[in-house]
Amino acid sequence: MDRMDRGRLAEPLTLRGLEISNRLWMSPMCQYSAGAVGVPTNWHMVHCGSRAVGGAGLIMVESTAVGPRHRTTARDLGLWDAAQVDAHKVLATQIKSLGSLAGVQLNSAGRKSSHMVPGVQGGQNSAVSVEDGGWVPLAPSARPFGNLTVPTEMTAADLDDTVDAFSAAARNAHDAGYDLVEVHAAHGYLLHQFLSPVSNGRDDEHGGSLENRMRFPLRVCQAVRNAFPQNKPVFVRLTATDWIEGGITLDEATVFAQRLAGLGIDLLDVTSGALAPDAPPPNKPCLNLKFAEVLKEATGIAVAPVGQLSDPELLANISGFSTVDAVIVGRALLRDPYFALRLTTAQAKDHWPRQYHRAL
Ligand SMILES: Cc1cc2nc3c(=O)[nH]c(=O)nc-3n(C[C@H](O)[C@H](O)[C@H](O)COP(=O)(O)O)c2cc1C
């Protein structure tokens with residue numbers, strides 16, 4: 008990687024007056040390690056803390072449910088009660104004390120809810136029944152995700168409650184000290200389920216046309232923007248394509264992105280896929296980069312792609328890097344907590360925390 012590329016990754020980015028020290032950020036990655044109920048644990052302190060020490064400018068805390076029924080599993084984080092806020096306060100303080108900014112991703116799982124923890128008895132494809140302590144998922148339509156429990160179609164009251172739950176979680180995120188929040192509208196979770204005709208078969212004002220399918224996700228994003236302080240950024244993670252015949256296309260995603268920009272959303276975190284079990288995204292480096300460039304061009308707001316942005320050489324050679332605002336990294340940071348330092352610092356000794364220099 009030459010100095011110019013490193014220089015850009017190492018440049019700060021300012022959103023609503025909040026300066027993020029560089030442009031390589033940690034993607035939200037559910038650890039399925041919450042304590043009872045939905046509370047961050049020592050695992051989260053170490054997991055997020057070590058990537059903050061490792062130089063990621065922003066740590067996005069994993070998918071955090073806005074209510075008990077909105078969790079994917081019983082081990083998900085939550086932000087709906089006071090005990091959770093207190094524990095998130097400790098986590099946000101930890102991340103910030105180690106030099107990063109702290110964000111949290113707010114989510115409702117919809118039909119991808121009440122399943123086993125990955126790696127345990129069939130994991131994400133294995134339902135946990137009500138008798139075994141699970142719950143019946145809520146979704147736009149009674150269309151199950153793979154082998155999971157058939158969800159209940161949401162009523163108008165369920166939609167209102169869910170909007171209120173997102174607003175309350177955004178306020179709780181502020182009280183916990185998070186610098187920003189991200190609304191999860193991708194990876195096949197509730198808001199994405201409303202957007203896509205594959206999972207949304209409604210015949211009311213929430214189904215059918217794109218305008219109707221966008222109505223509920225836009226309402227949630229607007230509510231979160233209103234509930235979160237005006238001087239703090241709100242991101243949305245959205246899908247650029249479902250990679251499915253009859254699913255969301257880049258054209259539809261572009262219209263959604265433009266509407267998000269109109270609501271005052273500060274950054275689009277651009278991903279794709281995961282709506283249905285039989286439609287994995289292609290295994291291709293930088294797969295969402297071009298989509299992010301298109302969405303930036305169409306909206307004029309900040310964008311950051313995620314997905315297979317892990318090869319340092321490739322990152323150096325992304326010809327369009329100047330056309331996106333940051334890169335979001337997942338698994339490469341699981342493999343190497345110091346990945347961000349390696350890519351954003353010039354001297355070999357700076358690739359390590361100062362406290363470890365005597366090891367060099
Ligand atoms: C262990 C694990 C947990 C994940 N949990 C979440 C999550 O909580 N929210 C989310 O939006 N994406 C989640 N993802 C997807 C990642 O955030 C990211 O989008 C994906 O891994 C692609 O990026 P990568 O190629 O850099 O890993 C998860 C991925 C992994 C590997």
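One gets my numbering by counting positions in the sequence shown from 1 and adding 7 to each.
Note that the Cβ used here is the ideal one computed from N, Cα and C, for glycine as well.
When the Cα atoms are used, D249 and R361 turn out to be separated by approximately 43 angstroms.
Ordered along the chain, residues surrounding ligand 1 are S34, P35, M36, C37, E69, S70, Q112, H191, H194, R244, T278, V313, G314, Q315, L316, S317, V336, G337, R338 and A339 [Cβ under 6 angstroms from any heavy atom]. Relative to L166, the option among R150, D139, D186 and F223 whose CA is nearest is F223. Non-local C-beta neighbours of L155 in its own chain, meaning closer than 6 angstroms and more than five positions away in sequence, comprise H122 and A134, ordered along the chain. Contact annotation: G64 and N29 have beta-carbon atoms nearer than 8 angstroms. DSSP places E212 in the coil class of the three-state scheme, outside both helix and strand. With respect to the 8 angstroms criterion, G153 and N132 are classified as neighbours on the basis of their beta carbons. Around the beta carbon of D258, fewer than 16 other beta carbons lie within 10 angstroms, which makes this residue exposed. Judged by pairs of C-beta atoms under 8 angstroms, the region 14 to 24 does not touch the region 35 to 54, as fewer than three such pairs exist.
The beta carbons of L98 and V68 sit about 7 angstroms from each other, so the pair counts as a contact at 8 angstroms. A contact between stretches requires three or more CB pairs, one per stretch, nearer than 8 angstroms, and the region 238 to 255 meets this requirement with the region 186 to 195. Residue state for R23 is assigned as coil, using DSSP reduced to three classes. DSSP places H122 in the strand class (E or B) of the three-state scheme.
Per the coordinates, the alpha-carbon of L367 lies some 45 angstroms from the alpha-carbon of W87. Relative to L274, the option among A299, V143 and L321 whose CA is nearest is A299.
Taking 8 angstroms as the cut-off, the beta carbon of Q112 is found no closer than this to the beta carbon of T80. Residue Q237 holds the alpha-carbon nearest to the alpha-carbon of L187 among R82, Q237 and A94. Ranking A281, R78 and G56 by CA distance to the CA of H199 puts A281 first. Positions of the alpha helix (DSSP H) runs, each at least 4 residues long and wholly inside the region 286 to 343, are given as 296 to 306, 319 to 324 and 338 to 342 in order along the chain. Between the region 305 to 316 and the region 329 to 345, the count of C-beta pairs closer than 8 angstroms reaches three or more; the two stretches touch.
Here the alpha carbons of P344 and G24 stand approximately 28 angstroms from one another. With contacts defined as CB atoms closer than 8 angstroms, V124 and G130 qualify as a contacting pair. The alpha carbon of P288 has as its nearest neighbour, out of R232, T351 and G195, the alpha carbon of G195.
Non-local C-beta neighbours of T159 in its own chain, meaning closer than 6 angstroms and more than five positions away in sequence, comprise V143 and L145, ordered along the chain. DSSP places W50 in the helix class (H, G or I) of the three-state scheme.
Note on geometry: alpha-carbon atoms of F263 and Q354 lie some 42 angstroms from one another.
Listed in chain order, the non-local C-beta contacts of A94 below 6 angstroms within the same chain comprise V46 and P47, local neighbours out to five positions each way being set aside. DSSP places V68 in the strand class (E or B) of the three-state scheme. In the three-state DSSP reduction, A177 falls in the helix class (H, G or I).
With 16 or more other Cβ atoms inside 10 Å of its own Cβ, P240 counts as buried.
The beta carbon of E212 sits closer than 7 angstroms to the beta carbons of N219 and R222 from its chain, once the five residues preceding and following it are set aside; these are given in chain order. For V190, the pairing in a beta bridge is given by DSSP as L113 and V243.
Close CB contacts of I27 within its chain, under the 7 angstroms cut and outside five residues either way in sequence, are with P19, L20, G64, L65 and L108 (chain order). With a contact defined as Cβ atoms closer than 8 angstroms, P147 and G214 qualify at about 7 angstroms.
K356 sits exposed, since fewer than 16 C-beta atoms from the chains shown fall within 10 Å of its C-beta. Here the alpha carbons of V53 and G184 stand approximately 18 angstroms from one another.
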